[in-house]
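Take 630 as the starting number for the sequence shown in the working numbering and just add one per residue. In this text, a Cβ means the ideal position worked out from N, Cα and C, and glycines have one as well. Only one structure is covered here, and it is reproduced in the block below.
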Amino acid sequence: MSETQTYRNSLTLGTMLLEYRLDAVLGAGGFGMTYLGWDINLEKHVAIKEYLPGELAVRALDGSVVPVNTESEYNYKWGLERFIQEARTLAKFSHPNIVRVNRYFEANGTSYMVMDYEAGESLHQYLKRNPMPPEAWLKQMLMPILDGLQAVHQAGFLHRDIKPSNVFIRENGTPVLLDFGSARLAGGAASRNLTAIISPGYAPLEQYAADGNQGPWSDIYALSGVMYRAATGENPPDAVKRMRVDDVPASLAAARVRYDERFLRAIEWGMQVEERVRPKDIGEWRELFSEKPPVTALNRGGVPAADIPTAVPTMRNPSVPPLAVGAPIATAAAHPANTRVLTRTRWKWLRRAAFFLILAVSASIYMKQRSIEKSLHEAARQQRNEELAPDLERRMTQRFEATDTDKSGAISRDELAQRLPAYASRFAEIDSNGDGMVSLGELTAFMQKEGLSDELRDSEPKPATAEKAPPAAKHETVTIAVPPGKAEIAPNSSQDPSVPQTVMQEFTGADRDGNGYLTPDEVKGRFPYIERNFSQVDANGDGRISPLELAHLRRQQMQQKARR
């Protein structure tokens, strides 16, 4: 199978983008496609990443990238801005373990970034072939990544999407950190969909909420999750689930047969659910991986190495007893008679401190959980409104036109109360120009400002109880009205002006061989309804589907949906 067949939306191989010739497709994801390019000026291979979100845009016949419809255009352009921001972010760094972006440019209605081409594989692929590699290899891979990530943090940026697939292992064994599409300024304003960038298991708890306290400790959590995956052979559990049942300590304890306890403690410390208990920066966390005793909040002040506690602060052990404090220990050794009194006094205060600390941590976790649940509920509600928005706007337009009997383009307060009673009480707000009438534009602007809430949905007329609808079928059912005389539908109507542009884009994306027809194999998996009812959609019975036949089906579906 050729590259163009595997990656249907890719540019034709051999295409020139400025001075770069596209030789192969290296891979594709939800938001873009990566090509192997050849720089004809410098005569070397480069990697070229193209912004092409599959859910928002398609490849047109001329090779340009266009949004699938007007409703997706806003999200497409906003994502394009983030893509360009990623290129600008990476262009600021020149580090051997951070992916290098040499330039970026715009063409074909989208944007491209040109990077150094590296031969190798991702850590995700490596761990599939080499599960639970030796500790020495993991440290050799981790230390350069820590150096690169520390440079990113010092520049004021966070990665925010570290996971095994974003850690690349070159052929010479050196690692490089990829995909900074989620990067943002550590102290900047929250982005419009900050909570949407989540890699379950690797995203820390604070990343689930728009007002989460994110910082270098957030990337440390994600990188600790990567090391957990490497050491245990299992994906790390989701941070939200860990608030109820946390299996991380037990899984890391079971890995002691292969790894040093100090190495596993460093991973557990970086994976603490509560961000205040984690290392505050890369330097503090990296010390625990070294052979020398780490300098942490537990042992600052010149304590001998022999007296350093062997545990790090955890949710189960939030306050490790600071027994190794030079002066008290020296006093106890010099005056053995006072040892028991000193010990009892010390443990009395330690128990009190531990009680209040546990109480404070428990309260903090409870409030954090409530905040996360509220954020998730609001995100689900917003997503539901966005999914229903096109249908609700269509219904609103139909009601407006039905009410506007004189076709004047405006309706009165009484007419609004008849069709949209939920909005009649806010007539003065909707009537922005104060002329006593509401136009379709004023009503649409008001709904866009206020958001499509349940009020409009609740205002829909309810079906009569006597005409109770039967249970919904498992699959979509649409009755296709085939016009008399199947030959009336032209066999190939790719240039027919009656075929809408959106249908033509949909058709082109499925027409793999570009012959102007869709075969049963081409619709398989892409159009489930057409796959089940191919003979009905194939109006002229020639065993294939033309653009006009697809457009005819879409019109029938829209008409039946409007009647419902």
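Starting from valine 1132 and walking both ways along the alpha helix (DSSP H), at which residues does that stretch end?
-> For the purposes of this step, residue 1132 is taken as residue 503 along the sequence shown, with counting starting at 1. Valine 1132 -> alpha helix (DSSP H) spans 1130-1139.
Residues near glycine 749 by beta carbon distance below 7 Å, same chain, minus five either side | To locate residue 749, count along the sequence shown from 1; it is residue 120. Closer than 7 Å at the Cβ level, and outside the excluded window around glycine 749, lie Phe797, Ile798, Arg799 and Glu800.
Return the CA-CA distance between leucine 642 and leucine 690, expressed in angstroms with no decimal places.
-> Here residue 642 corresponds to residue number 13 of the sequence shown, with the count starting at 1. Here residue 690 corresponds to residue number 61 of the sequence shown, with the count starting at 1. When the Cα atoms are used, leucine 642 and leucine 690 turn out to be separated by approximately 15 Å.
Tell whether a beta-carbon distance below 9 Å holds between arginine 887 and proline 793.
-> Mapped onto the sequence shown, residue 887 falls at position 258. Mapped onto the sequence shown, residue 793 falls at position 164. No, the pair does not count as a contact, with Cβ atoms beyond the cut-off.
So, using beta-carbon positions, are serine 704 and proline 804 closer together than 9 Å?
-> By one-based count along the sequence shown, residue 704 stands at place 75. By one-based count along the sequence shown, residue 804 stands at place 175. Before going on, a small fix: residue 704 reads as asparagine here, not serine. Cβ distance not < 9 Å, so asparagine 704 and proline 804 don't count as in contact.
Phenylalanine 734 to tyrosine 746, Cα distance in whole Å?
-> The residue you call residue 734 lines up with position 105 of the sequence shown. The residue you call residue 746 lines up with position 117 of the sequence shown. Whole-angstrom Cα-Cα distance: 17 Å.
How big is the Cα-Cα spacing for threonine 1137 and glycine 1143?
-> Along the sequence shown, one-based indexing puts residue 1137 at 508. Along the sequence shown, one-based indexing puts residue 1143 at 514. Each residue's Cα considered, the two are about 8 Å apart.
Helix, strand or coil: how does DSSP classify proline 1113 here?
-> Residue numbering aside, residue 1113 sits at position 484 when the sequence shown is read from its first letter. Since pLDDT at proline 1113 reaches only 45, below the 50 mark, its modelled position is unreliable, and the value read off the structure follows with that caveat. Reduced to three states, the DSSP call for proline 1113 is coil.
Sequence-distant residues of the same chain with beta carbon closer than 7 Å to leucine 640, five excluded per side = Residue mapping note: residue 640 aligns to position 11 of the sequence shown, counting from 1. Only Leu651 and Gly692 meet the Cβ criterion.
Work out the CA separation of tryptophan 898 and valine 781 for me, nearest whole Å.
-> Taking the first residue of the sequence shown as position 1, residue 781 is located at position 152. Taking the first residue of the sequence shown as position 1, residue 898 is located at position 269. Rounded to the nearest angstrom, the two C-alpha atoms are 21 Å apart.
What residue does the beta strand (DSSP E) around leucine 651 start on, and which one ends it?
-> Sequence index remark: in the sequence shown, residue 651 carries index 22 (1-based). In this chain, the beta strand (DSSP E) harbouring leucine 651 covers 649-657.
9 Å Cβ cutoff met for phenylalanine 1156 and alanine 1180 | The residue given as residue 1156 occupies position 527 in the sequence shown. The residue given as residue 1180 occupies position 551 in the sequence shown. In this structure, alanine 1180 does not lie closer than 9 Å to phenylalanine 1156 by Cβ.
Is it buried or exposed for alanine 716, if we count other Cβ within 10 angstroms and need 16 for buried?
-> Here residue 716 is taken as the residue at index 87 of the sequence shown, counted from 1. Within 10 angstroms of the beta-carbon of alanine 716 lie 16 or more other beta-carbons, which makes it buried.
Apart from the five residues just before and just after glutamine 1134, which ones in its own chain have a Cβ nearer than 8 Å to its Cβ?
-> What you label residue 1134 is simply residue 505 of the sequence shown in a count that begins at 1. Same-chain partners within the cutoff: Val687, Ala689, Val695 and Val697.
Which residues does DSSP pair with phenylalanine 797 in a beta bridge?
-> To locate residue 797, count along the sequence shown from 1; it is residue 168. Paired residue(s): Ser751 and Val805.
Kindly identify the DSSP beta-bridge partner or partners of leucine 646.
-> On the sequence shown, position 17 is the one that residue 646 refers to. Answer is Tyr649.
Helix, strand or coil: how does DSSP classify histidine 782 here?
-> By 1-based counting over the sequence shown, the position of residue 782 is 153. Reduced to three states, the DSSP call for histidine 782 is helix.
Check the DSSP bridge columns for alanine 676 and list the partner residues they point to.
-> Taking the first residue of the sequence shown as 1, we reach residue 676 at position 47. Per DSSP, Leu665 and Met744.
Quick one: measure Cβ to Cβ for tyrosine 837 and valine 869, integer angstroms, because I've assumed they're closer than 8 Å.
-> Along the sequence shown, one-based indexing puts residue 837 at 208. Along the sequence shown, one-based indexing puts residue 869 at 240. Right, their Cβ atoms sit about 6 Å apart.
In terms of DSSP beta bridges, what is proline 696 paired with?
-> Looking up residue 696 in the sequence shown gives position 67. Answer is Ala686, bridged to proline 696.
Might you give, ordered along the chain, the residues of its own chain that have their beta carbon closer than 7 Å to the beta carbon of tyrosine 636, omitting 5 neighbours on each side?
-> Within the sequence shown, the letter at position 7 stands for residue 636. Hits under 7 Å: Val654, Ala657 and Met662.
Could you name the residues of the same chain whose beta carbon sits closer than 6 Å to that of histidine 724, not counting the 5 residues immediately before and after it, in chain order?
-> Counting from one through the sequence shown, the residue named residue 724 turns up at place 95. If we look at histidine 724 and ignore the five residues flanking it on each side, its Cβ neighbours are Gly777 and Ala780.
Would you call the CB atoms of proline 1149 and phenylalanine 1163 closer than 9 Å?
-> In the sequence shown, counting from the first residue as 1, residue 1149 sits at position 520. In the sequence shown, counting from the first residue as 1, residue 1163 sits at position 534. Taking a C-beta distance under 9 Å as the contact criterion, proline 1149 and phenylalanine 1163 qualify as a contact pair.
Are the segment 1030-1042 and the segment 902-911 touching by the rule of at least three beta carbon pairs closer than 8 Å?
-> Because the criterion of three Cβ pairs below 8 Å is not met, the segment 1030-1042 and the segment 902-911 do not touch.
What separation, rounded to the nearest whole angstrom, lies between the Cα atoms of proline 833 and alanine 989?
-> As a position in the sequence shown, residue 833 is number 204, starting the count at 1. As a position in the sequence shown, residue 989 is number 360, starting the count at 1. Here the alpha carbon of proline 833 sits roughly 20 Å from the alpha carbon of alanine 989.
Helix, strand or coil for leucine 834, going by three-state DSSP, please let me know.
-> Working through the sequence shown from its first residue, we reach residue 834 at position 205. Residue state, collapsed to three classes: helix.
Hey, would you say serine 740 sits closer than 9 Å to glutamate 679, going by beta carbons?
-> Here residue 740 refers to the residue found at position 111 when the sequence shown is read from its first residue. Here residue 679 refers to the residue found at position 50 when the sequence shown is read from its first residue. Yes.
Taking C-alpha atoms, which residue in Asp1064, Asp1167 and Thr1026 lies nearest to arginine 1220?
-> Look at the range of the chain in this structure, 630 to 1193, and you will see that residue 1220 is not part of it.
Could you name the residues that DSSP lists as bridge partners for threonine 739?
-> Looking up residue 739 in the sequence shown gives position 110. Bridge pairing for threonine 739: Ala736 [DSSP].
Backbone secondary structure at asparagine 1144 - three-state DSSP | Here residue 1144 corresponds to residue number 515 of the sequence shown, with the count starting at 1. In the structure shown, asparagine 1144 falls within a coil segment according to DSSP collapsed to helix, strand and coil.
N- and C-terminal bounds of the alpha helix (DSSP H) containing leucine 671 = The residue given as residue 671 occupies position 42 in the sequence shown. Counting along the chain, leucine 671 falls outside any alpha helix (DSSP H), and DSSP gives it neither H nor E.
Close beta carbons around valine 855, own chain, < 6 Å, minus the five adjacent residues each side | If you number the sequence shown from 1, residue 855 lands on position 226. Answer for valine 855: Pro793, listed in chain order.
Figure out for me which residue from Trp846, Gly802, Ile791 and Leu893 has the closest Cα to the Cα of glycine 830.
-> Position 201 of the sequence shown holds residue 830. When only C-alpha atoms are compared, the closest one is Ile791.
Check serine 1061 in the structure and name its three-state DSSP category.
-> Start at 1 with the first residue of the sequence shown, and residue 1061 comes out as number 432. Collapsing the DSSP output to three states places serine 1061 in coil.
Leaving out five residues on either side along the sequence, give the residues of the same chain with a beta carbon under 6 Å from the beta carbon of alanine 895.
-> The residue labelled residue 895 in the question sits at position 266 within the sequence shown. These residues qualify, in order along the chain: Leu917 and Phe918.
How long is the line joining the alpha carbons of tyrosine 649 and isoleucine 713, rounded to whole angstroms?
-> Position 20 of the sequence shown, counted from the first residue, corresponds to residue 649. Position 84 of the sequence shown, counted from the first residue, corresponds to residue 713. Each residue's alpha carbon lies about 19 Å from the other.
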